[in-house]
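Using the UniProt record's numbering, read the sequence shown as starting at 1 and increasing by one per residue.
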Amino acid sequence: MDIQAFAAAMTESLEGTWAVEPGDHGHRDRYLIGPEREQLHVLYVDWEETPRLKLSASLPGDLAKIRYRYGKPIPCHEITVSPNTTPETVAADITRQLLPGYRVTLTESRELKQRLDEQAATRDRLAGDIAAPLGATVHHPEPSALEYDPQVVRYTGPLAGTATVPCTGRHVTFTFTVTPECAAEVAAFLARFPSTDQPTEPERDTSSAPTKGNPPPITRDQVSCAINDGADLVINELTTSDRDHDLINLVVNAALTRLDSPAADLDQVITACYDSDPADVRSWWGDWC
Numbered sequence: 001m002d003i004q005a006f007a008a009a010m011t012e013s014l015e016g017t018w019a020v021e022p023g024d025h026g027h028r029d030r031y032l033i034g035p036e037r038e039q040l041h042v043l044y045v046d047w048e049e050t051p052r053l054k055l056s057a058s059l060p061g062d063l064a065k066i067r068y069r070y071g072k073p074i075p076c077h078e079i080t081v082s083p084n085t086t087p088e089t090v091a092a093d094i095t096r097q098l099l100p101g102y103r104v105t106l107t108e109s110r111e112l113k114q115r116l117d118e119q120a121a122t123r124d125r126l127a128g129d130i131a132a133p134l135g136a137t138v139h140h141p142e143p144s145a146l147e148y149d150p151q152v153v154r155y156t157g158p159l160a161g162t163a164t165v166p167c168t169g170r171h172v173t174f175t176f177t178v179t180p181e182c183a184a185e186v187a188a189f190l191a192r193f194p195s196t197d198q199p200t201e202p203e204r205d206t207s208s209a210p211t212k213g214n215p216p217p218i219t220r221d222q223v224s225c226a227i228n229d230g231a232d233l234v235i236n237e238l239t240t241s242d243r244d245h246d247l248i249n250l251v252v253n254a255a256l257t258r259l260d261s262p263a264a265d266l267d268q269v270i271t272a273c274y275d276s277d278p279a280d281v282r283s284w285w286g287d288w289c
């Protein structure tokens, strides 16, 4: 099968301008990149009795990382067709069966990124406003590809310490020490602020190592991040096939669905996370040995 020619013919029947890019498996696959950064993978598979053309939609790399770490599990958007089907018919199947659900996921992920970007911009402005009167500097805790970590303002002098400015809208946490000569003056300054119903203890920094006997609470985002990072680690370190990836992704989806719905069975996981019927998804591994 000439996958390059087949993919190129499909783009002629898809709405908008689509480009064909090389895949990961040589002559067996191609990527179709759409006008709104849609990303479709076209893969010819012949390990089953009847060869199939597998079509799956995925998020662009930056949106996938954000969705994995800060959003809901990414649903699987995938269909399979006979390789004997015409490119025009396959394109119609993609338009009718695959793209509608995938574009919902794409829109949700873009909105999540925009929301996080706006929160990060607010965090950065506030960190600068805190640093300016103290003559302090703003520090990233660690280099971050996503740029949504807390900003830390470090200041020194008679009043020395840090102000941690999160991206999530939580309270800014100040820690400081003062010389004995300045302690009473600082106390008098703090007393000028109106009383508040907020707790007086600073929020725990969940990014730091747990203290003995007082571990920080584990959030759903941390669990989601750990599970997806573990899946990425296995996929990146081992020589795996698309079928392996599908199984690993199914485990990830099952774990995160069980986190919200502990009694969910496999069919309920598949219904919640995949466009395909449970029986169809189960059949992907029916003859795998």
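For every residue, glycine included, the Cβ atom is placed at its ideal position computed from N, Cα and C. Keep in mind it's a predicted model, so treat the numbers as computed, not measured.
Kindly indicate the opening and closing residues of the alpha helix (DSSP H) around residue i.
i           : result
residue 39  : Counting along the chain, residue 39 falls outside any alpha helix (DSSP H), though it belongs to the beta strand (DSSP E) covering 39-45.
residue 70  : 61-70
residue 32  : Counting along the chain, residue 32 falls outside any alpha helix (DSSP H), though it belongs to the beta strand (DSSP E) covering 29-33.
residue 130 : 99-134
residue 95  : Segment: none, residue 95 is in no alpha helix (DSSP H) and carries neither H nor E.
Residue range of the beta strand (DSSP E) that residue i falls in?
i           : result
residue 56  : 52-58
residue 160 : 159-165
residue 173 : 173-178
residue 79  : 77-81
residue 17  : Residue 17 -> no beta strand (DSSP E), and no H or E assigned at all.
residue 154 : 151-155
residue 137 : 137-139
Give the straight-line distance between the Cα atoms of residue i and residue j, rounded to the nearest whole angstrom.
i           : j           : result
residue 179 : residue 249 : 55 Å
residue 73  : residue 231 : 13 Å
residue 77  : residue 269 : 14 Å
residue 217 : residue 103 : 35 Å
residue 112 : residue 63  : 9 Å
residue 106 : residue 27  : 28 Å
residue 110 : residue 117 : 10 Å
residue 184 : residue 121 : 36 Å
residue 35  : residue 123 : 32 Å
residue 65  : residue 131 : 30 Å
residue 2   : residue 284 : 24 Å
residue 115 : residue 168 : 10 Å
residue 150 : residue 175 : 15 Å
residue 108 : residue 94  : 20 Å
residue 97  : residue 91  : 10 Å
residue 44  : residue 23  : 11 Å
residue 129 : residue 139 : 14 Å
Kindly give me the distance between the Cβ atoms of residue i and residue j, rounded to whole angstroms, as I take these residues to be in contact under 8 Å.
i           : j           : result
residue 17  : residue 32  : Not quite, the Cβ-Cβ distance comes to about 11 Å (not below 8 Å), so this is no contact.
residue 290 : residue 162 : The requested residue 290 is not part of the displayed model; the chain covers only 1 to 289.
residue 70  : residue 228 : Contact doesn't hold; Cβ gap of about 11 Å is too wide.
Exposed or buried, residue i, counting other C-beta atoms within 10 Å across all chains shown (16 or more means buried)?
i           : result
residue 261 : exposed
residue 189 : exposed
residue 59  : buried
residue 53  : buried
residue 135 : exposed
residue 223 : exposed
residue 194 : exposed
residue 165 : buried
residue 84  : exposed
residue 49  : exposed
residue 30  : buried
What are the complete beta strand (DSSP E) segments, minimum 3 residues, inside the stretch 225-279?
Fully enclosed beta strand (DSSP E) runs of 3 or longer: not present.
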